[in-house]
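Here the protein sequences line up with chains A and B, keeping their order.
Its first residue numbered 0, the first sequence is counted upward by one per residue in numbering that gives the first Met the number 0.
Its first residue numbered 0, the second sequence is counted upward by one per residue in numbering that gives the first Met the number 0.
There are 2 protein chains.
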Amino acid sequence: MKLEPEAAVHAPETQRAGRARATSAGELSHIALDLFFEHGFDETTVTDIARAAGIGRRTVFRYFPSKNDLAWGEFETMLESMRSHLATLPEDMPLQAALRDAIIEFNRFPDDELHYHRERMRLLLNVPSLAAHSTLKYAAWREVVAEYVALRRHERPTDLVPRASAWICLGVCLSAYEQWLAADDADLLELIDRAFATTDGFGSAAAAESRAQRP
Amino acid sequence: MKLEPEAAVHAPETQRAGRARATSAGELSHIALDLFFEHGFDETTVTDIARAAGIGRRTVFRYFPSKNDLAWGEFETMLESMRSHLATLPEDMPLQAALRDAIIEFNRFPDDELHYHRERMRLLLNVPSLAAHSTLKYAAWREVVAEYVALRRHERPTDLVPRASAWICLGVCLSAYEQWLAADDADLLELIDRAFATTDGFGSAAAAESRAQRP
DNA sequence: CGCACCATGGCACCCGATGTCAATATAATC
DNA sequence: GATTATATTGACATCGGGTGCCATGGTGCG
Chain A
0 MKLEPEAAVH
10 APETQRAGRA
20 RATSAGELSH
30 IALDLFFEHG
40 FDETTVTDIA
50 RAAGIGRRTV
60 FRYFPSKNDL
70 AWGEFETMLE
80 SMRSHLATLP
90 EDMPLQAALR
100 DAIIEFNRFP
110 DDELHYHRER
120 MRLLLNVPSL
130 AAHSTLKYAA
140 WREVVAEYVA
150 LRRHERPTDL
160 VPRASAWICL
170 GVCLSAYEQW
180 LAADDADLLE
190 LIDRAFATTD
200 GFGSAAAAES
210 RAQRP
Chain B
0 MKLEPEAAVH
10 APETQRAGRA
20 RATSAGELSH
30 IALDLFFEHG
40 FDETTVTDIA
50 RAAGIGRRTV
60 FRYFPSKNDL
70 AWGEFETMLE
80 SMRSHLATLP
90 EDMPLQAALR
100 DAIIEFNRFP
110 DDELHYHRER
120 MRLLLNVPSL
130 AAHSTLKYAA
140 WREVVAEYVA
150 LRRHERPTDL
160 VPRASAWICL
170 GVCLSAYEQW
180 LAADDADLLE
190 LIDRAFATTD
200 GFGSAAAAES
210 RAQRP
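So this is what it looks like as C-alpha cells:
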C-alpha cells in the first residue's frame, strides 16, 4: 500500500528547495496503525512508532501533532473533498437529500480499503483516548455540514439550525458506524440511510406541543 | 456553597471505620473550577489545585480519575436522576415528548446556579482538552437516552434507532447550549425546544427517495 | 490500649508533548 | 562543481498528567 509522498501536505509542493522528506504522513500513519492493530493503541508508545518507521521520536511529532492524530490519518484531506463535493450539488436539490448524498459519498470506500477502514474505525470508536480526541475531528466535520446548511438557508454557520443539523448528521453517521462494526456483514451505506430515517417525526410533535403549552 | 460530605459517593456511608475524608468531591471540584475560571484550564496544574485545596497532589487523583473530570464535577449523579425521572414518565406519553420532557428537566437549574453552570459549560465546550474528554461523558448520557428509547420500542439499547435517537438528542442539546453561551440573554430551555424542532422532516424525504432508488 | 480499617501523601516512574539547537542533506543557483 | 538557501532530523532538556507503591496518620471498635 504505497502512498504518494507528501500526500498529507496541503500544498502539492512540486519542487522545493531543501532536503527531501524521509517518509510521508500517510506512510507514517499506516505504520502506526499496524502497530496499533497488533499491540493495541495504549500499549504502543510513540518511541515504538518512531523506531518502526526508522525515524526519530521527535520527527513523528513533526508529521502529526499528537499520537492520536496518527490514527486519524489524512482526515483533513477527506474533509476537503466533502466540502468540494457539496459545492457541486445543484441549488434546487432538497437540503436533506443533498446532505444525505454528501454523507454517503464521504463514506464510500473502495472494496479493498473497507477492511482497513473498519479496523481503523473500530479503534477510533472504542479506544477511550481516541474516542475522546475524536470530538475535535467531529467538530471540523460538523463545521463543513453547518457551512453548507447555512449557505442553503441564507444563515450563518453558527446559527441554531445549521449547528443542530450538523449534530444530527453526525449522530446519524456514528450510530450507523456502530451498527456496522457490530455486524460484519452489514452495508455501511444502507445503515446510514436507515439512520437518517430515524430523524423522521423526531421532535416535531414534541416541539409543537411545547409551544402550545408555554405561551 | 457548602456540600454534604461524600456527596459524590453513591453509598451514603453514615459511619465508617478508618480515617475521615479530608474533603469531598463536590468541594474539590468547586475549588478547581474557581481556579480554571481565573487562570484558565490549561494554565492550572493539578499541583495548583491540590495546594489550593490543602491536600496532596496524589490525593486529587483519588477523588477524580483525571484533571478533566474535575471540571465535570458530579455529572454521574445528574445522570442518575435523569434516568429515574424517565422511569416515572407514563407509558402512553409519546416517545418524543417524553424525551423532550426529560431533557428539559435535566437542564433546569435554579436561578442562582445558572451563572455558575454557564461558565462551567463555557469551559467544557471551548477548552479543547475538555471538549475532547466530553465525548466519554456524552456517551454515558446517550446511554441513558438509548436505554429509554429501547425500553419503549422493545428493542435493545444497542440497536440502530435507540442509538441514533440518543445521538440526535445530544445534538439538539449541544447546539442549544452553543446558542445559549453566545447570547447571554437567551433562555436555555426555549433554545432546546427550538433545536428539537429542527429535526422536523429531517431525513424522511431523503431516506424514502433513497429506498426508491436502490432496490 | 491495641487492632483493624481506610484515607493520605510523598516518592519514583512512565509517557506524551514541546522548545531548543546543532548537524545534516538536498535543491536551486551561480 | 561550489555555494547558498532551505528543511529535515534527532539529541538533548523540560514540563505536566497519571500511576504504583508504601509508610504514615487519623478513626471507630472490641
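We put the beta carbon where it would ideally sit given N, CA and C, even for glycine.
Cutoff 8 Å: residue i Cβ touching any chain A Cβ
{"i": "residue 90 of chain B", "result": "no"}
{"i": "residue 17 of chain B", "result": "no"}
{"i": "residue 122 of chain B", "result": "no"}
{"i": "residue 34 of chain B", "result": "no"}
{"i": "residue 180 of chain B", "result": "no"}
{"i": "residue 190 of chain B", "result": "yes"}
{"i": "residue 173 of chain B", "result": "yes"}
{"i": "residue 119 of chain B", "result": "no"}
Any chain B beta carbon closer than 8 Å to residue i
{"i": "residue 154 of chain A", "result": "no"}
{"i": "residue 104 of chain A", "result": "no"}
{"i": "residue 43 of chain A", "result": "no"}
{"i": "residue 101 of chain A", "result": "no"}
{"i": "residue 187 of chain A", "result": "no"}
{"i": "residue 63 of chain A", "result": "no"}
Chain B contact residues for residue i, given Cβ-Cβ distances below 8 Å
{"i": "residue 223 of chain A", "result": "No statement about residue 223 of chain A is possible, as the shown extent of chain A runs from 0 to 214 and does not include it."}
Among the options, the one whose alpha carbon lies nearest that of residue i
{"i": "residue 106 of chain A", "options": "A:194, A:23, A:197 and A:187", "result": "A:187"}
{"i": "residue 96 of chain A", "options": "A:22, A:168 and A:181", "result": "A:168"}
{"i": "residue 51 of chain A", "options": "A:70, A:39, A:138 and A:29", "result": "A:29"}
{"i": "residue 121 of chain B", "options": "B:144, B:160 and B:176", "result": "B:176"}
{"i": "residue 171 of chain B", "options": "B:193, B:183 and B:123", "result": "B:193"}
{"i": "residue 31 of chain B", "options": "B:184, B:157, B:20 and B:60", "result": "B:60"}
{"i": "residue 94 of chain B", "options": "B:139, B:197 and B:160", "result": "B:160"}
{"i": "residue 67 of chain A", "options": "A:139, A:141 and A:35", "result": "A:35"}
{"i": "residue 146 of chain A", "options": "A:133, A:116 and A:78", "result": "A:78"}
{"i": "residue 191 of chain A", "options": "A:151, A:98, A:41 and A:133", "result": "A:98"}
Contacts of residue i in chain A (Cβ-Cβ under 8 Å)
{"i": "residue 159 of chain B", "result": "174, 175, 178, 190, 193, 194 and 197"}
Chain A residues whose Cβ lies nearer than 9 Å to that of residue i
{"i": "residue 51 of chain B", "result": "Simply none; closest approach about 26 Å."}
Neighbour list for residue i in chain B, Cβ cutoff strictly below 7 Å
{"i": "residue 162 of chain A", "result": "174 and 177"}
Open item on the list: Against chain B, which members of the stretch 127-148 of chain A pass a CB distance test of less than 8 Å?
Closed with: Going along the stretch 127-148 of chain A in chain order, one finds 127, 130, 131, 132, 133, 134, 135 and 138 with a Cβ nearer than 8 Å to chain B.
Task: Contact list for the stretch 68-87 of chain B against chain A, Cβ threshold 8 Å - done: Against chain A - using a Cβ distance shorter than 8 Å - the stretch 68-87 of chain B contributes no residues.
- [ ] Write down every uninterrupted run of the alpha helix (DSSP H) in the stretch 139-194 of chain B whose length is 4 residues or greater and which is fully enclosed by it, in chain order.
- [x] Secondary structure in the stretch 139-194 of chain B: the alpha helix (DSSP H) runs of 4 residues or longer, each lying completely within the stretch, are 159-181 in chain order.
Open item on the list: Which runs of the alpha helix (DSSP H) at least 4 residues long sit entirely within the stretch 10-62 of chain B? Give them in chain order.
Closed with: Given a length threshold of 4 residues, each whole run of the alpha helix (DSSP H) inside the stretch 10-62 of chain B is given here in chain order: 24-38, 45-52 and 56-62.
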